[in-house]
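A short write-up of the structure that comes next.
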Amino acid sequence: DGGITQSPKYLFRKEGQNVTLSCEQNLNHDAMYWYRQDPGQGLRLIYYSQIVNDFQKGDIAEGYSVSREKKESFPLTVTSAQKNPTAFYLCASSAPGQGNEKLFFGSGTQLSVL
Amino acid sequence: ELKVEQNPLFLSMQEGKNYTIYCNYSTTSDRLYWYRQDPGKSLESLFVLLSNGAVKQEGRLMASLDTKARLSTLHITAAVHDLSATYFCAVEAGANSKLTFGKGITLSVRP
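Chains as they are written, first to last, in my numbering: chain A, 1 to 114; chain B, 1 to 111.
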């Protein structure tokens, strides 16, 4: 089955630690996105990538980093510089020319601070 | 900066009754999306509205877009328990077609 897989489902971060959230898709989509969701809030864009080896900052990129070495993979690292990382993180992808009309979301990762 | 507002933020609905929820936004756009989210789950695409006057219907839900008023409505007909969820609207605008999400409206259907 085609889809987007995020792992882990739950992740705990200690003070000063970097953690990496995985996002893999087998939909052959070019564009991939990372969103952050806080309770009672809408989604906010962290980073996005339209093509392999290229990515752009979204609205709240500070304290996060990404890479796009393979088309199917777009991992997000939450660095120690992100002082308030507790949130629900959603990865999404879309096909060429489809843009937001065909945006597929993963099942999310809940990140909490110990 | 584009602002997307949804209201009300929480709505308790009685089974069998009709309701309307709203999404308004602050800048020109003719592309608006509705999503549904169940607690702890991902987002599910409900409607894609791509022009002024667009109307889409799926089951008990009907969405419409008025780009002149910068307003989208989601009408619920004869609410049932299965419709309990949080509903987000998202507006596409800007050079990179970025989506800006509202805070969501949580619907709860009671018997």
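The beta carbon of each residue, even a glycine, is placed where N, CA and C say it ideally should be.
query                                                                                                                            : result
Chain A residues whose Cβ lies nearer than 7 Å to that of B/M92                                                                  : Note that residue 92 of chain B is Glu in the sequence shown here, rather than Met. Within chain A, the residues near B/E92 are N100.
Chain B contact residues for A/Q41, given Cβ-Cβ distances below 9 Å                                                              : F101, K103 and G104
Three-state secondary structure (DSSP) of A/E101                                                                                 : helix
Selected residue, minimal CA-CA separation from A/P39, among B/G104, B/N7, B/P111 and B/R110                                     : B/G104
Cβ pair A/Q17, A/S80 closer than 8 Å                                                                                             : yes
Beta-carbon contacts of B/L9 that lie in its chain and below 8 Å, excluding the five residues immediately before and after       : K103, G104, I105 and T106
Touch test, the segment 82-93 of chain B against the segment 20-33 of chain B, Cβ-Cβ under 8 Å, three pairs minimum              : yes
Where the segment 6-39 of chain B meets chain A: residues whose CB sits under 9 Å from a CB there                                : Q6, L9, R31, Y33, Y35 and Q37
Start and end residues, beta strand (DSSP E) containing A/I60                                                                    : Neither: A/I60 is in no beta strand (DSSP E) and is coded neither H nor E.
Rounded C-alpha distance that separates B/L99 from B/K41                                                                         : 20 Å
A/L114 burial status per 10 Å Cβ neighbour count (16 or more: buried)                                                            : exposed
Separation of B/V4 from B/T73, as counted between CA atoms                                                                       : 13 Å
Contacts around A/A87, its chain only, beta-carbon distance under 7 Å, and the 5 residues preceding and following it disregarded : R36, Q37, D38 and L111
Residues near B/A54 in its chain [Cβ-Cβ closer than 6 Å; skip 5 each side]                                                       : L65
Same chain, Cβ closer than 6 Å to B/N7, neighbours up to 5 away in sequence not counted                                          : Y22
Partners in chain B for A/F105, counting only beta-carbon separations shorter than 7 Å                                           : S42 and L43
Same chain only: Cβ atoms within 7 Å of A/P85, ignoring 5 sequence neighbours per side                                           : R13, V78, L111 and V113
Three-state class that DSSP yields for A/H29 in the structure shown                                                              : coil
Residue of B/A78, B/D38 and B/P39 minimising C-alpha distance to B/G16                                                           : B/A78
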